[in-house]
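So the structure is just underneath, and the comments pick up after that.
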Amino acid sequence: MTEHDAVAGMPHSVLEAADAGQPLPIARVLVATPSVNPALEPGGVGERAVAEICARWLDGWGFDVAMSEVAPGRFNVLGRLGGGSRTLLLNGHLDTVGVSGMTIEPFGAELRGERLWGRGACDMKGGIACILAASAQLGEEEIDGELLVALTADEEHASIGMQALVEGGLEADAAVVCEPTSLSVMPAHKGFVWTEVVFRGRAAHGSRPEVGIDAIRHAGVFLSMLDDLESLLGSGDPHPLLGYGSIHAGTISGGTAPSVYPGECRVVLERRTLPGEQPHSILTEVMDVLESVRMTVPTLDAEARLDLWRPGTEVGSDSQLVRALAAASEAEGMESTIRPMTAWVDAAWLNEAGIPAVCFGPGDIEAAHTADESVPVAELEMGARVLGRFVREFLGSGP
């Protein structure tokens, strides 16, 4: 799909208003432009068309713009404005999840009941619209410092876009990732560790109990003992925003037929982690539970291995970044709130790279990925105003 194809159905008045930097028209064009992650749904077109549109807008507003293909058909956009000793990054991801099962037209970008409806309206083309609308304002001004706008590929799957930016030496003094937060400031989120546990039994006909060893029952004993680990995780002092870590069984598979003792059972656990917790310590937790199982199940044959993991990260609630964003919200007449981000997001990559990053954007995370995804129009407009004020004040407050 080309850029022309993507916007062909939009009224000319909407396209003109988007070119002028108005947040709602920008969001409508973005939602109307499919960018389903091809790793998540067959036929997903990826980010090329929406990246081309965003790059054209940024170029027209005075940014130095570069598009980069981080994988075949997968694109980042990086725009630079101004210069100086202080650099601020605004980030959003261009991809969306799939559209199967949606109850509304995924790319209709329909306005109904003071909300914009469609795939990505909440997660996170609404946030990108706020970034771009603020960028259009700032492109007409002389700003202190440098503003970077980084729009990335593949956040919904493996974050190859953000990973490419970080590994390419991206530098900034601070960052705002415009994920849906209902315009609260979210400086912390949990990470996760996936651990696969493989239980090996002995396959045998169901009539031969003296031969068979039931791998699924061994897995069941293990799962029942996770209650003790869950209780341990809920003891002690909670994180001031994130509370406690948690663990649950995400998937389980095993067995070949009802009449056969299962020779193998695989369980994948997800452990949600607090900032600072490391994957090797999570693996040790799981191994300790397995050792407890061995004390009651002498025939246990099981092993655990780390699978995918992402770190939990945080920026101090009293940091300049958080205080400045909260102050900008209040200056625009909005009550400022500081809350935890419940989902894992690309802010973690930035924090791990030494770039303090918080989340702030329109829409409720509960609406993300839903069959009738939408975002409030009022939050699009307020988010753009807050970001514009914040960029001016943050870049102007440096030495």
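With this note's numbering applied, the sequence shown has no gaps in its numbers, which climb one by one up to 401 at the end.
Ideal placement from N, C-alpha and C gives every residue a C-beta, glycine not left out.
Here the structure is a predicted model, which is why all the values come from computation and not from measurement.
From the listed residues L352, E368 and P13, the smallest Cα separation to G163 is found for L352. E266 sits away from F194, with the two beta carbons spaced by 9 Å or more.
Every alpha helix (DSSP H) stretch that sits fully inside the stretch 174 to 258 and reaches 4 residues is listed by chain position as 217 to 235.
In the DSSP assignment, D66 falls within the unbroken beta strand (DSSP E) covering D66 to A73. Of the residues assessed, G120 falls on the buried side of the cut-off, its CB having 16 or more other CB atoms within 10 angstroms.
The beta carbon of A135 is closer than 7 Å to those of G23, Q24, P25, I28 and A386 in its chain, skipping five residues each way along the sequence. When DSSP assignments are scanned along the stretch 106 to 182, the uninterrupted stretches of beta strand (DSSP E) that are 3 or more residues long and fall wholly within it turn out to be 112 to 114, 117 to 119, 147 to 154 and 176 to 179.
In this structure, the straight-line span from the alpha carbon of A328 to that of V388 is close to 9 Å.
Taking 9 Å as the cut-off, the Cβ atoms of A177 and L60 do not count as close. With respect to the C-alpha of D309, the residue from L113, V47, V199 and E107 having the closest C-alpha is V199.
The residues S248 and I249, in chain order, have a CB closer than 8 Å to that of E232 in the same chain once the five nearest residues on each side in sequence are set aside. Under DSSP, the beta-bridge partners assigned to W311 are V195. A distance of 9 Å or more separates the beta carbons of A19 and V79. Judged by DSSP secondary structure, S283 falls within the alpha helix (DSSP H) whose first and last residues are P281 to T298. The shortest C-alpha to C-alpha distance from A330 to any of E287, T275 and G390 is the one to G390. In this structure P182 is not in contact with D97, their Cβ atoms being roughly 15 Å apart against a cut-off of 8 Å.
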